[in-house]
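Enquirer:
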Amino acid sequence: MKIIVLVTNNLIQDQKMHRTCTSLKNLGHDVILVGRADKNSLEKLALPFQTIRLPFKFQTGIIFYASVIWKYFWLLRAQKPDIVWSVDVDTIVPAITYKKIWGCKVIFDAHEYFHEVPELLHRPFKKWIWKMVARIYIPKADMHVTVRKTLSRIFENLYGNTFTVIWNVPYAQKKEVRVSSPKSKYIIYQGMLNKGRGLEVLIDAMPNIQELELWIVGEGDLSSELRQKSNASPAKNRIKFLGWMLPEDLRTITSGAYLGVNLLDGESLSYQYSMANKFFDYLQAGVPSVNMDFVEYRDFLDHYPVGLTVSSLDKDDIANVINHAVEYKAYYGQLKNEAKKVSKQFCWENEEKKIGDLLKSITKCA
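Quick note on numbering: the sequence shown equals residues 172 to 537 in this note's numbering.
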């Protein structure tokens, strides 16, 4: 079958859809991942399936989304797929429109609580529009998937459809990464350096954190501001910015970390119901993590004690939780052993089996 997967990002960092499309390809399907071209787009992506990136004059706002509907619809008309895999609400209109006119199956894949994202927090009219789009179009898809249990329950109540949970987890580490003993212990943050990630508070907490260095991997809107803040900190000699790293290098230093850090502002509902990719990256590396006391993390850690939680983005709370993991070595050892054990369960090799089952179900409905 020919399957076209629609997203609105530039495809570079979308590891979930890289894995999904690779699994679809391995199942013998003709797969095309469609996204947008922007100034950060690489000339060519080394992926085992075809990609198409469409140019857009506007990268945000109503004109951009109107262009997405128009261009994606006509691309579908030209490609004539058997299945459209629509990722999030911003791609569902062209998918369902094509289905209604020319016929195909549509799988809707919700990666977030779209109309509750931070960007719409103080924009009630735009939020209402996306809410209506979701209410009208999501029930018309043939199959529905999402990335977390809480979201599946919310969406099932909102739209009346069953949502299959496919966890956004990395591939299993085939062999244990050999890490030379660093000169000092460190905690690691990996990901975008953007607002809402708790990085400013984490740097403020560092003077009160015992023994550990902070290694920050990534770049973003706050790259310059965070470096300036770090230079003014009494703990500046224990804070390192490593920029972006190759995946294999990142796996190595993540495996050598004492703790992984995964903080988030809980202002929006989308964030409160989120579960960051880095949580599972730390887990796959066998590294306990410090997370927000949000619904998904609390539920996961109640079942699998592989990390710690903080109740708020407060520098003293963060320092106390991290210091607790440093002081109580036996407790930390239990967390680390559990992380290594649980990592074998939460890996993409297990999740991709659900994709095969999903396609079998959708073809039976044809």
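Quick reminder that beta carbons are idealized off the backbone N, C-alpha and C, glycines included.
Taking contact to mean at least 3 C-beta pairs separated by less than 8 Å, is the region 383 to 396 in contact with the region 503 to 511?
Expert: Touching, no.
Enquirer: Determine the contact status of V264 and I234, defining contact as a CB-CB distance below 8 Å.
Expert: Not closer than 8 Å, so no.
Enquirer: Among the candidates V461, Q443, M416 and F451, whose CA atom is the shortest distance from the CA of V432?
Expert: Closest option to V432, Cα to Cα, is V461.
Enquirer: Whose C-alpha, out of N408, I278, A343 and P252, is nearest the C-alpha of K531?
Expert: If we check each option's Cα against that of K531, I278 comes out closest.
Enquirer: Could you name each continuous alpha helix (DSSP H) segment of 4 residues or more that falls completely within the region 439 to 476, going from the start of the chain to the end?
Expert: Entirely contained in the region 439 to 476, the alpha helix (DSSP H) runs reaching 4 residues are, in chain order, 440 to 443, 448 to 455 and 466 to 474.
Enquirer: Report yes or no: do the region 415 to 422 and the region 435 to 444 share at least 3 C-beta pairs separated by less than 8 Å?
Expert: Flag = no, the region 415 to 422 and the region 435 to 444 do not touch.
Enquirer: Is the beta carbon of V340 within less than 7 Å of some heavy atom of the ligand GTP?
Expert: The ligand content of the structure shown is nil, which means the ligand GTP is not present either.
Enquirer: Among W273, T425, M303 and N180, which has the Cα closest to the Cα of P252?
Expert: Taking only the C-alpha atoms, the option nearest P252 is W273.
Enquirer: For V277, list the residues DSSP reports as bridge partners.
Expert: Answer by DSSP bridge pairing, in chain order: V255.
Enquirer: Identify whether Y538 lies in helix, strand or coil by the three-state DSSP scheme.
Expert: It is not possible to answer for residue 538, since the shown part of the chain is limited to 172 through 537.
Enquirer: Among V492, D436 and V458, which residue has its Cα nearest to the Cα of V540?
Expert: Only positions 172 to 537 of the chain appear in this structure, which leaves residue 540 out of reach.
Enquirer: Can you find the residues in the same chain that come closer than 7 Å, C-beta to C-beta, to D209, ignoring five residues on each side of it along the sequence?
Expert: Excluding positions up to five away in sequence, the list reads N181 and Q230.
Enquirer: Which runs of the beta strand (DSSP E) fall wholly inside the region 173 to 211 and span at least 3 residues, in chain order?
Expert: Fully enclosed beta strand (DSSP E) runs of 3 or longer: 173 to 177 and 201 to 208.
Enquirer: For I254 versus K228, is the C-beta spacing smaller than 8 Å?
Expert: Against a cut-off of 8 Å, the Cβ pair of K228 and I254 comes out as no contact.
Enquirer: On a CA-only basis, which of I183, T179, M172 and T193 is nearest W519? Give me that one, please.
Expert: With distances taken between Cα atoms, W519 lies closest to T193.
Enquirer: Do three or more CB pairs link the region 330 to 337 to the region 396 to 411 at distances below 8 Å?
Expert: Output reads no: the region 396 to 411 does not touch the region 330 to 337.
Enquirer: Identify every residue that forms a DSSP beta bridge with G414.
Expert: G414 pairs with V388.
Enquirer: Among K187, F450, K400 and N494, which residue has its Cα nearest to the Cα of N379?
Expert: Comparing Cα positions, the closest option is N494.
Enquirer: Please classify H474 as buried or exposed, where buried requires at least 16 other C-beta atoms within 10 Å of its C-beta.
Expert: With fewer than 16 Cβ atoms within 10 Å of its Cβ, H474 is classed as exposed.
Enquirer: How big is the Cα-Cα spacing for V258 and E498?
Expert: Cα to Cα, V258 sits roughly 44 Å from E498.
Enquirer: Kindly provide the ranges of any beta strand (DSSP E) runs that are 3 or more residues long and lie completely inside the region 317 to 380, ordered along the chain.
Expert: The region 317 to 380 contains these whole beta strand (DSSP E) runs: 334 to 336 and 357 to 361.
Enquirer: What is the DSSP secondary structure of Q221, counted as helix, strand or coil?
Expert: Note: Q221 maps to strand in three-state DSSP.
Enquirer: Rounded to whole angstroms, how far is the Cβ of I325 from the Cβ of Q250, which I believe are closer than 8 Å?
Expert: In fact, because the Cβ distance is near 32 Å, the residues do not count as touching under 8 Å.
Enquirer: Under the three-state reduction of DSSP, which class applies to L397: helix, strand or coil?
Expert: Looking at L397 - three-state DSSP - the assignment turns out to be helix.
Enquirer: Using CA coordinates, which residue listed in L198, D470, L383 and F465 is at the minimum distance from G427?
Expert: G427 has its Cα closest to that of L383, out of L198, D470, L383 and F465.
Enquirer: Judging by CA-CA distance, which residue of P226, E509 and L204 is the nearest neighbour of F220?
Expert: Among P226, E509 and L204, the Cα nearest to that of F220 is on L204.
Enquirer: Would DSSP call L430 helix, strand or coil?
Expert: Looking at L430 - three-state DSSP - the assignment turns out to be strand.
Enquirer: Closest by CA to P226, which one among Y243, L454 and A217?
Expert: Looking at the Cα atoms, Y243 is the closest of the given residues.
Enquirer: Rank I526, M377 and A447 by C-alpha distance to the C-alpha of D487 and give the top, closest one.
Expert: Comparing Cα-Cα distances from D487 to each of I526, M377 and A447, the minimum goes to M377.
Enquirer: Closest by CA to P341, which one among T262, L454 and K196?
Expert: It is L454.
Enquirer: So, for A343: in the same chain, excluding its five sequence neighbours on each side, which residues have a beta-carbon less than 8 Å away from its beta-carbon?
Expert: Cβ within range, chain order: Q455, S514, K515, C518, W519 and E520.
Enquirer: Using a Cβ-Cβ cut-off of 6 Å (strictly less than) and excluding sequence neighbours within five positions of K173, which residues of its own chain qualify?
Expert: Excluding residues within five positions, the ones whose Cβ falls inside 6 Å are D201, P252 and D253.
Enquirer: Compute the distance between the beta-carbons of L364 and L373, then report whether it is under 8 Å.
Expert: No, the Cβ-Cβ distance between L364 and L373 is not below 8 Å.
Enquirer: Compute the distance between the beta-carbons of S445 and L430, then report whether it is under 8 Å.
Expert: No, these two residues do not count as a Cβ contact at 8 Å.
Enquirer: Report the residue from V178, A312, N491 and F450 whose alpha carbon sits nearest the alpha carbon of T222.
Expert: Selected option, being the one with the closest Cα: V178.
Enquirer: Following the continuous beta strand (DSSP E) through Y481, name the residue where it begins and the one where it ends.
Expert: Position check: residue 481 holds Val in this sequence, whereas Tyr was assumed. Unbroken beta strand (DSSP E) run through V481: G478 to V481.
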